Amino acid sequence: MKGEILLKNAKLIDGRGEHGTADVLIGEGRILSLSGGEASTVLDATGMVLSPGFLDPHAHLREPGQEVKEDLQSGLTAAARGGYTDVVSMPNTCPVVDRAEMVAALKRKAAEIAQTRLHPAAALTQGQEGRVLSEAYLLREAGAVMLTDDGQTNEDAGVLAQGLLYAASVGLVVSVHAEDAGLRRGGVMNEGAVSFQLGLPGNTSFAESARIARDLEVLRYVQQRLTDRVPGRSLLHIQHLSTKRGLELIRQARQEGLPLTAEVGPHHLTLTDEALNELNPIYKVAPPLRTQTDVEALVEGLLDGSIDCVGTDHAPHTQDEKALDMLRAPFGIPSLEVCWPLLYTELVEKRGFPLAVLIARFTDGPRRVLGLPGIHLEEGAEASLVLWNPKEKRPVDPQTFASKARFSPWAGWELLGWPVGTLVGGRVVFGLA
Amino acid sequence: MSQSATQSFPKHLLDFRDWSRSQVESLLETAQMMQEVLARPVKKVPALTGFTVATVFFEPSTRTRISFELAARRMSADVVSFSSTASSTTKGETYRDTLRTLDQMGIDAYILRTDAAGVPHQAHSWLHKPVINAGDGWRAHPTQALLDAFTLREKLGSLEGKKIAIVGDILHSRVARSNAELLPMLGATVVACGPATLLPSSLPGATLTTRLKEALCEADAVMVLRLQRERMDKGLLPSLPEYIAAYQVTRERLGWAKPQAPLLHPGPMNRDVELEGTLADSPQSLVERQVANGQAVRMAVLYHVLVGKRS
Numbered sequence: 000m001k002g003e004i005l006l007k008n009a010k011l012i013d014g015r016g017e018h019g020t021a022d023v024l025i026g027e028g029r030i031l032s033l034s035g036g037e038a039s040t041v042l043d044a045t046g047m048v049l050s051p052g053f054l055d056p057h058a059h060l061r062e063p064g065q066e067v068k069e070d071l072q073s074g075l076t077a078a079a080r081g082g083y084t085d086v087v088s089m090p091n092t093c094p095v096v097d098r099a100e101m102v103a104a105l106k107r108k109a110a111e112i113a114q115t116r117l118h119p120a121a122a123l124t125q126g127q128e129g130r131v132l133s134e135a136y137l138l139r140e141a142g143a144v145m146l147t148d149d150g151q152t153n154e155d156a157g158v159l160a161q162g163l164l165y166a167a168s169v170g171l172v173v174s175v176h177a178e179d180a181g182l183r184r185g186g187v188m189n190e191g192a193v194s195f196q197l198g199l200p201g202n203t204s205f206a207e208s209a210r211i212a213r214d215l216e217v218l219r220y221v222q223q224r225l226t227d228r229v230p231g232r233s234l235l236h237i238q239h240l241s242t243k244r245g246l247e248l249i250r251q252a253r254q255e256g257l258p259l260t261a262e263v264g265p266h267h268l269t270l271t272d273e274a275l276n277e278l279n280p281i282y283k284v285a286p287p288l289r290t291q292t293d294v295e296a297l298v299e300g301l302l303d304g305s306i307d308c309v310g311t312d313h314a315p316h317t318q319d320e321k322a323l324d325m326l327r328a329p330f331g332i333p334s335l336e337v338c339w340p341l342l343y344t345e346l347v348e349k350r351g352f353p354l355a356v357l358i359a360r361f362t363d364g365p366r367r368v369l370g371l372p373g374i375h376l377e378e379g380a381e382a383s384l385v386l387w388n389p390k391e392k393r394p395v396d397p398q399t400f401a402s403k404a405r406f407s408p409w410a411g412w413e414l415l416g417w418p419v420g421t422l423v424g425g426r427v428v429f430g431l432a
Numbered sequence: 000m001s002q003s004a005t006q007s008f009p010k011h012l013l014d015f016r017d018w019s020r021s022q023v024e025s026l027l028e029t030a031q032m033m034q035e036v037l038a039r040p041v042k043k044v045p046a047l048t049g050f051t052v053a054t055v056f057f058e059p060s061t062r063t064r065i066s067f068e069l070a071a072r073r074m075s076a077d078v079v080s081f082s083s084t085a086s087s088t089t090k091g092e093t094y095r096d097t098l099r100t101l102d103q104m105g106i107d108a109y110i111l112r113t114d115a116a117g118v119p120h121q122a123h124s125w126l127h128k129p130v131i132n133a134g135d136g137w138r139a140h141p142t143q144a145l146l147d148a149f150t151l152r153e154k155l156g157s158l159e160g161k162k163i164a165i166v167g168d169i170l171h172s173r174v175a176r177s178n179a180e181l182l183p184m185l186g187a188t189v190v191a192c193g194p195a196t197l198l199p200s201s202l203p204g205a206t207l208t209t210r211l212k213e214a215l216c217e218a219d220a221v222m223v224l225r226l227q228r229e230r231m232d233k234g235l236l237p238s239l240p241e242y243i244a245a246y247q248v249t250r251e252r253l254g255w256a257k258p259q260a261p262l263l264h265p266g267p268m269n270r271d272v273e274l275e276g277t278l279a280d281s282p283q284s285l286v287e288r289q290v291a292n293g294q295a296v297r298m299a300v301l302y303h304v305l306v307g308k309r310s
């Protein structure tokens, strides 16, 4: 058999488990063979792991309008370096992505950049103003894969209910930033012993759990109203879960069979509000870094499947913005380039988290959010893949980021598992030189 | 001032994280000497001749600023002042750029006030000169706590085993936080009291209560905090009359404390809001003494930060 790229002696691990080592022949955008063959490019992948490419269900790429923070070129390049073959971009840009032609324009530009594939999320409501629904059918036709008012909170439960009903009839998942704005107040960090001592406005974990509780009731109502449902398809996606209590509510709802999915970010799995003792706005993020109890619960939730996926919530800002004070610096942490090695090191290496499960949370899990089938390493499968090195240890160095946001709360952390190559549809978009 | 030169001091005064009890006590002893300087007909010493200090206030303040500037001048330092409200700063230059600009002009120490917690700590990383925190948001106001401790010791002697009650808006008070940090270092017990909407759930160094009687009972001293009127707009308090009825420190309620327990207030006071107006002028009140002592304490801080840091 003849192909384009032959990866020799790669260790195969996907969301289903480990499948030994193989010579993987890639051509015509697919995995042609797992038992070698001829290829114009032959690469020795000894010691490396080959996995399905990662899908990030939640990244802020800032285009249009905030290109000083990030743009499609830098953001998609960062994604490719992070092992991502697919990224869902958030619509809270300037202007808000709430019209079909904007989605189409983003898709066109991303296709020209030809890095990681872009899947725009569009606003649930026009202008993300929480009043009038966006044109979900037209948005989906143009390529939108998700509806969300992320950046804003859906304060009006009635609008969210109608949005969920309408999105369900179009076949799109609605993703929510679950925080009660009234309870959150002006909090810039987790409310608790640390915020009280530091004298910084706190954002209570109950702002998240109260909103999740409400949204789950809204979802129950929507489910009752819906005449035709697609079994197994998520209608409501809870973004960036940060609290133990929120997780408990989600776990219970899933046991009831409610059609929802949930996501957790790398920072909520590896950092706590103790970091704020440094009084460095680099740790300012929404929802905020919580406590070690929350971290432990979230790792458990990621393991037992209550949480489907890891979403980076990659939120780039300029370094100057992050050098403002704790009240004025914007919320957000960039993480596309470090998310995989970070969680491989901190969860798999240090905690014994099962590797195949973590891979599933980067591949099959986020695909489930979007209603897509899982992706596995088998002949005939799409060759959107990541090759990564489980042995090479390297510190996080923000100065080397492709992202414009060259800062990181994990700067200096020694991580394993760095991607060495990313292929999208059989084409190398990063590494493998 | 020879003993202070034999002890190594933190280069900054951001809060009391890096300060030991003996350093604080040594500083208060220096303040005592400064007090003597201030009692002279010519209130000036050459200790800081040749040094330039800058007061950089990103939040309006009169008394703290004047206190610091006089303290510096009485020690023969040159003083420059920068002031800008947060609103005008956010329109253009950032705190960091402002401070870096000033840093090019040969400033030897910065006295910094901001509305946001942590800016003095950030400034510490942006500048290569000592930073004195003159109040950062709700977080810390260390010279206020030092002058409170100085004033209390002047009146009570040692603070060992003394119960100090702090009454008012604890949640939003840098004065309460700094006192809860400092007074226990000197042996005192701090009880902080206010309605639950104005009280954190925890504050290291302090016991918290919503019950005024419990806080004032057998207190050796009572510190009353200013009530910001914006707390009503934020939905944290129903009304001023309500607050006055429930939490105003009145002559009658002050009777719960030990006889002649001194009364402190960091100022500026809302007379007849957080405390019964005439109490401020009563013999129990140390409010004016606090202001006078503030200058001596700030002289001592400047001296330690600029000169006494040599070991």
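Protein sequence lines, in the order shown, are assigned to chains A and B.
Using numbering that gives the first Met the number 0, you'd call the opening residue of the first sequence number 0 and step up by one each time.
Using numbering that gives the first Met the number 0, you'd call the opening residue of the second sequence number 0 and step up by one each time.
By construction, the Cβ of each residue, glycine as well, lies at the ideal position given by its N, Cα and C atoms.
All figures in this text were calculated on a predicted structure; none of them were measured in a lab.
List, in chain order, every chain A residue whose beta-carbon is nearer than 8 Å to that of residue i.
i      : result
B/L202 : F195, Q196
In three-state terms, what does DSSP make of residue i?
i      : result
A/S305 : coil
A/W417 : strand
A/V96  : coil
A/T45  : coil
B/W125 : helix
A/V428 : strand
B/D107 : coil
A/K7   : strand
A/R184 : coil
A/T76  : helix
B/H264 : coil
B/S60  : coil
B/T54  : strand
B/A4   : Low per-residue confidence applies at B/A4: pLDDT is 43, beneath 50, and the placement is therefore not dependable, though the value from the model is reported in the following sentence. Three-state DSSP puts B/A4 in a helix.
B/N132 : strand
A/F195 : helix
B/K42  : coil
Just the chain B side, please: which residues come within less than 7 Å of residue i by C-beta, in chain order?
i      : result
A/A192 : S201
A/R367 : Residues of chain B passing the Cβ test: none, with the nearest at roughly 39 Å.
Residue i to residue j, Cα distance in whole Å?
i      : j      : result
B/I106 : B/T51  : 5 Å
A/L357 : A/A322 : 34 Å
B/D96  : B/A53  : 15 Å
B/L301 : A/F406 : 35 Å
A/S187 : A/Q125 : According to the sequence provided, residue 187 of chain A is Val. The question's Ser does not apply to it. Computed Cα separation, rounded: 27 Å.
A/R130 : A/L123 : 9 Å
A/W339 : A/G36  : 30 Å
B/D271 : B/L285 : 17 Å
B/R138 : B/I169 : 11 Å
B/S310 : B/A115 : Here the model assigns B/S310 a pLDDT of 34, short of 50, so the residue's position is not dependable, and the following value carries that caveat. So the alpha carbons of these two residues sit roughly 33 Å apart.
A/L159 : B/F57  : 42 Å
B/A4   : A/A79  : Bear in mind that a pLDDT of 43 at B/A4, under 50, signals an unreliable position, so the model cannot answer this.
A/V263 : A/D363 : 15 Å
B/A175 : A/V95  : 44 Å
B/R228 : B/I243 : 12 Å
B/T150 : A/V217 : 59 Å
B/P282 : B/D147 : 17 Å
Starting from residue i, find everything on chain A with Cβ-Cβ shorter than 9 Å and list it in chain order.
i      : result
B/H11  : What B/H11 touches in chain A: nothing, since even the nearest Cβ is about 13 Å away.
B/W137 : L197, G198, L199, P200
B/T84  : Residues of chain A passing the Cβ test: none, with the nearest at roughly 13 Å.
Tell me the residue span of the alpha helix (DSSP H) that contains residue i.
i      : result
A/S88  : Element bounds for A/S88: not the alpha helix (DSSP H) but the beta strand (DSSP E), 83-88.
A/V217 : 204-224
B/F149 : 141-155
A/V158 : 156-169
A/G19  : Run containing A/G19: none in the alpha helix (DSSP H); it sits in the beta strand (DSSP E), 16-26.
Of all Cβ atoms in chain C, is any one closer than 8 Å to the Cβ of residue i?
i      : result
A/D324 : The chain labelled as chain C is not found among the protein chains of the depicted structure, namely A and B.
Grab the span of the beta strand (DSSP E) containing residue i for me, first residue to last.
i      : result
A/M454 : A question about residue 454 of chain A goes unanswered here, because the residues of chain A that appear run from 0 up to 432.
Kindly list, in the order they appear in chain B, the residues whose Cβ is closer than 8 Å to that of residue i.
i      : result
A/L278 : A116, G117, H120, Q121
Counting only Cβ pairs nearer than 9 Å, list the residues of chain B close to residue i.
i      : result
A/D319 : T93, R95, D96
Enumerated in chain order, which unbroken segments of the alpha helix (DSSP H) with a length of 4 residues or greater are wholly contained in the segment 338-379 of chain A?
If only complete runs of 4 or more residues are kept, the segment 338-379 of chain A shows the alpha helix (DSSP H) at 338-342, 354-361, 363-368, in order along the chain.
If you scan the segment 270-307 of chain A from start to end, which runs of the alpha helix (DSSP H) of 4 or more residues do you find wholly inside it?
Fully enclosed alpha helix (DSSP H) runs of no fewer than 4 residues occupy 291-303 of the segment 270-307 of chain A, in order along the chain.
Could I get the ranges of all uninterrupted alpha helix (DSSP H) runs contained in the segment 197-243 of chain B, with 4 residues as the minimum, in chain order?
Unbroken alpha helix (DSSP H) runs of no fewer than 4 residues, entirely contained in the segment 197-243 of chain B, are found at 211-215, 229-232, following chain order.
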